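Enquirer:
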Amino acid sequence: MATLTAARRLVVKIGSALLVDRDTGLLRSDWLHSLAQDVAWLKGQGADVILVSSGSIALGRGVLGLPMADLPLEQSQAAAAVGQIRLARAYEEALTPHKITTAQVLVTLEDSEDRRRYLNSRATLETLLSLGVVPIVNENDTVATDEIRYGDNDRLAAQIAVTVGADQLILLSDVDGFYTGNPSEDGNAKRFDVIETITPEIEEMAGDAGSGLSKGGMKTKLLAAKMATAAGCDMAITEGSTLNPLKSLEDGANCTWFTATLDPHAARKRWISAMKPRGEIVVDAGAAKALGNGKSLLPAGIVEVTGDFGRGDPVAIMDHRSRRLAQGLSRYTAQEADAIKGRKSSEIEATLGYPGRAVLIHRDDLAL
């Protein structure tokens, strides 16, 4: 069974029904402050933590006096605009006493499907985590229409976990795990402690039941588990309404763990190496040696650039004898890479006419 204290990086998904009282539409402050205690505990263990939180529409509709039923798109977006401010402030107030800085990150499905936006999101999240910040991620409901929506934060949380290479994804839910049937309707339904493979039989057991303010049913959680485990991230479903839900999970609360066969680092490297390269970069002997020692590829070590690739596209890295050394995701277009080849990182802005990233391919985006 996985343990939270062993994780280097965790993503925690919080549903609306946990944050907002269904009857009053008010924030469950005691619960949120207990979650903040758990986050401080995890960070004290040396882990990075990202919170993917629902709740903006639920909070906003309470303020605006809108009904609990499904809202038209315009009213949902208005409620999100009102609620998002309150949601961000609530997390800031809960985590500040623990000397934890928070950041608000709003995304849409379009951001993960567009490679440039995906890389920008990844770079921002990585930088925030390196600075000790806890990002609070939510779908940008104020602008997202159906065609660019995730529609549920289970899959959004899984996408964020994949993006940042998380070890674990925790779905705090209104159920304490994955069952053979709906436990509220089937008294004989049994909970799985561990699921190593999501088989067709497992998929057939998933129902669509969501509850109250929540949109995500068990099918969306299985989709999240598929996405996360394929990227080397273990995922747990656990009942989250209790105080200190993460500490409770660590102490043995009921849950279901979906286990990954690879670690996130290895899974990402395999994904990068399997992509078809859009171009080639020839490097000098110094850069080849640096790559072999686990370093990033700097513009100074580049001798030649061929192909027509965009930012985020895979490129093959070759030595001067045309031997393939690695494959990686470029942080520059082919034209930009050709312009800055052989130059120091400090010369990039003067060469391109605008600031750029110091490395052309980061070591996290390299598969040797």
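First residue of the sequence shown? That's 10 in the numbering used here, and the numbers climb one at a time after it. C-beta atoms are modelled at their ideal positions from N, C-alpha and C, and glycine is treated no differently. Keep in mind it's a predicted model, so treat the numbers as computed, not measured.
Is it true that the segment 315 to 322 meets the segment 281 to 295, where meeting means three or more beta-carbon pairs spaced less than 8 Å apart?
Expert: In short, these stretches touch, since the Cβ pair count reaches three.
Enquirer: Suppose contacts are defined by Cβ-Cβ distances below 8 Å. Is Ala348 in contact with Leu338 by that definition?
Expert: The residue labelled residue 348 in the question sits at position 339 within the sequence shown. The residue labelled residue 338 in the question sits at position 329 within the sequence shown. The answer is no: Cβ separation not under 8 Å.
Enquirer: Considering Ile211, what are the terminal residues of the beta strand (DSSP E) in which it resides?
Expert: To locate residue 211, count along the sequence shown from 1; it is residue 202. From DSSP, Ile211 is part of no beta strand (DSSP E) but of the alpha helix (DSSP H) over Pro209 to Met214.
Enquirer: For Asp374, I'd like the list of residues in its chain whose CB is within less than 6 Å of its CB, leaving aside the five on either flank, ordered along the chain.
Expert: Start at 1 with the first residue of the sequence shown, and residue 374 comes out as number 365. Hits under 6 Å: Gly337 and Leu338.
Enquirer: Under 8 Å: do the segment 121 to 130 and the segment 194 to 202 share three or more Cβ pairs, one atom per stretch?
Expert: Contact between the segment 121 to 130 and the segment 194 to 202 is absent, because fewer than three Cβ pairs lie under 8 Å.
Enquirer: Going by the CB atoms, is the gap between Thr238 and Thr189 shorter than 8 Å?
Expert: On the sequence shown, position 180 is the one that residue 189 refers to. On the sequence shown, position 229 is the one that residue 238 refers to. The answer is no: Cβ separation not under 8 Å.
Enquirer: Which residues does DSSP pair with Tyr188 in a beta bridge?
Expert: The count along the sequence shown starts at 1 and reaches residue 188 at position 179. Its beta-bridge partners are Arg200.
Enquirer: In angstroms, rounded to a whole number, what distance separates the CA positions of Val142 and Met227?
Expert: To locate residue 142, count along the sequence shown from 1; it is residue 133. To locate residue 227, count along the sequence shown from 1; it is residue 218. Taking the straight line from one Cα to the other gives about 31 Å.
Enquirer: What is the rounded straight-line gap between the Cα of Leu377 and the Cα of Thr136?
Expert: Translated into the one-based positions of the sequence shown, residue 377 becomes position 368. Translated into the one-based positions of the sequence shown, residue 136 becomes position 127. Computed Cα separation, rounded: 24 Å.
Enquirer: Taking the CB atoms as reference points, tell me whether Lys22 and Ile179 lie closer together than 8 Å.
Expert: Taking the sequence shown and counting its residues from 1, one reaches residue 22 at position 13. Taking the sequence shown and counting its residues from 1, one reaches residue 179 at position 170. In this structure, Ile179 lies closer than 8 Å to Lys22 by Cβ.
Enquirer: Quick check: the Cα distance between Ser305 and Glu356, rounded to an integer number of angstroms?
Expert: Translated into the one-based positions of the sequence shown, residue 305 becomes position 296. Translated into the one-based positions of the sequence shown, residue 356 becomes position 347. Spanning the two alpha carbons is a distance of roughly 17 Å.
Enquirer: Please list the segments of the beta strand (DSSP E) lying wholly inside the segment 248 to 331, counting only runs of 3 or more residues, in order along the chain.
Expert: Segments of the beta strand (DSSP E) lying fully in the segment 248 to 331: 264 to 267, 288 to 292, 311 to 316 and 323 to 327.
Enquirer: What separation, rounded to the nearest whole angstrom, lies between the Cα atoms of Pro209 and Leu231?
Expert: The residue labelled residue 209 in the question sits at position 200 within the sequence shown. The residue labelled residue 231 in the question sits at position 222 within the sequence shown. Taking the straight line joining both Cα atoms gives about 11 Å.
Enquirer: Let's see if you can read the secondary structure: which residues bound the alpha helix (DSSP H) around Val72?
Expert: The residue labelled residue 72 in the question sits at position 63 within the sequence shown. Run containing Val72: Ser65 to Leu73, per the alpha helix (DSSP H) assignment.
Enquirer: I'd like the list of long-range same chain contacts for Val291, defined as Cβ closer than 6 Å, with 5 residues on each side in sequence excluded.
Expert: The residue you call residue 291 lines up with position 282 of the sequence shown. If we look at Val291 and ignore the five residues flanking it on each side, its Cβ neighbours are Val312, Glu313 and Met327.
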